[in-house]
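Just add 94 to the spot in the sequence shown (first one is 1) and you have my numbering. Even for Gly, the Cβ is constructed at its ideal location relative to N, Cα and C. Take a look at the structure set out below.
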Amino acid sequence: MPESKEPPVNRRKLTRAVKALLESRPGRTSITVEDLRTGRVFRFGAEEVLPTASVAKVDILMALLRKERWDRLPRAVRRDAEIMIRYSDNKAADRLWERIGREAGLARANRAFGLRATTAVPGRCVDLYCWGITRTTADDQVRLLKRLPKLRDGAVVRRLMRRVVPEQKWGVSAGACAGERVALKNGWLKHVANDLWAITSVGLIADRYAVAVLTEDNATSEAGIAKVERLVERVLDGFRVCPKG
Numbered sequence: 095m096p097e098s099k100e101p102p103v104n105r106r107k108l109t110r111a112v113k114a115l116l117e118s119r120p121g122r123t124s125i126t127v128e129d130l131r132t133g134r135v136f137r138f139g140a141e142e143v144l145p146t147a148s149v150a151k152v153d154i155l156m157a158l159l160r161k162e163r164w165d166r167l168p169r170a171v172r173r174d175a176e177i178m179i180r181y182s183d184n185k186a187a188d189r190l191w192e193r194i195g196r197e198a199g200l201a202r203a204n205r206a207f208g209l210r211a212t213t214a215v216p217g218r219c220v221d222l223y224c225w226g227i228t229r230t231t232a233d234d235q236v237r238l239l240k241r242l243p244k245l246r247d248g249a250v251v252r253r254l255m256r257r258v259v260p261e262q263k264w265g266v267s268a269g270a271c272a273g274e275r276v277a278l279k280n281g282w283l284k285h286v287a288n289d290l291w292a293i294t295s296v297g298l299i300a301d302r303y304a305v306a307v308l309t310e311d312n313a314t315s316e317a318g319i320a321k322v323e324r325l326v327e328r329v330l331d332g333f334r335v336c337p338k339g
């Protein structure tokens with residue numbers, strides 16, 4: 095077990111702060127943050143099972159690399175992996191979804207990864223309407239991030255997540271101190287039935303803090319992104335204080 099010389103997270107205080115923040119920001123919300131060095135953890139809305147949107151692309155790539163080595167993949171497949179993560183390209187995700195065996199392949203990988211509440215929808219994809227509506231929990235997304243060091247080519251996944259294009263570097267990055275490296279993947283999905291948005295963000299801050307935020311029923315994508323960033327900022331403040339200067 096990791097040894098911690100740092101003060102424990104004040105979960106009661108953080109829970110109150112998160113509830114106060116969400117009073118003016120409606121919608122279902124879940125966040126899990128774990129300090130991988132000390133084992134400290136905070137959860138809010140852990141019972142919520144919400145859509146992944148494009149954060150599922152990390153799971154798809156990890157499922158692929160569980161079975162195939164990066165340097166042995168065809169160049170076109172490596173290119174699909176790169177644009178799927180860095181640019182959130184949906185067509186590339188569709189092709190890799192087929193390569194891993196669709197929902198059955200993802201389910202097999204997720205059992206090996208120890209995910210407990212992540213379920214994909216069967217069928218062939220039309221743009222993102224299968225992998226994008228995979229259901230998951232913030233806890234499962236943190237479990238997935240924690241598997242990266244154990245994956246043979248997990249460093250490839252982290253490298254691509256660090257190189258997400260600038261306009262998609264919102265979300266988890268809001269909790270980083272100056273100079274800290276962030277590996278992340280974000281998701282955004284407008285539900286056809288009610289025109290409300292699912293906004294999600296998962297990632298690693300300084301290779302130390304594993305963060306997953308899932309939200310649904312946001313009136314706009316901008317409102318959802320703002321909510322995610324305020325949540326990440328507030329919860330990370332409960333784990334550490336950024337150096338000044």
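Check: By Cβ distance below 6 Å, which residues in the same chain neighbour Asn204 in space, the five residues on each side in sequence not counted?; Outcome: Thr212
Check: Ordered along the chain, which non-local residues of its own chain (more than five positions away) have a Cβ less than 8 Å from that of Leu290?; Outcome: Gly121, Lys284, Glu310, Asp311, Asn312, Ala313
Check: Using three-state DSSP, classify Leu167 as helix, strand or coil.; Outcome: coil
Check: From Asp129, Ala170, Asp247, Arg119, pick the residue whose C-alpha is nearest to that of Glu100; which is it?; Outcome: Asp129
Check: Are at least three pairs of beta-carbons, each pair with one atom in the segment 171-185 and one in the segment 319-326, less than 8 Å apart?; Outcome: no
Check: Per DSSP, Glu128 is paired with what?; Outcome: Val135, Ala304
Check: With a CB to CB cut of under 6 Å and the five nearest residues on each side skipped, what residues in its chain are close to Ala150?; Outcome: Trp225, Thr228
Check: Can you tell me whether Val258 is buried or exposed, with buried defined as 16 or more other CB within 10 angstroms of its CB?; Outcome: buried
Check: Return the bridge partner residues of Lys284 from the DSSP annotation.; Outcome: Trp291
Check: Can Gly297 and Ala277 be called in contact, C-beta distance under 8 Å?; Outcome: yes
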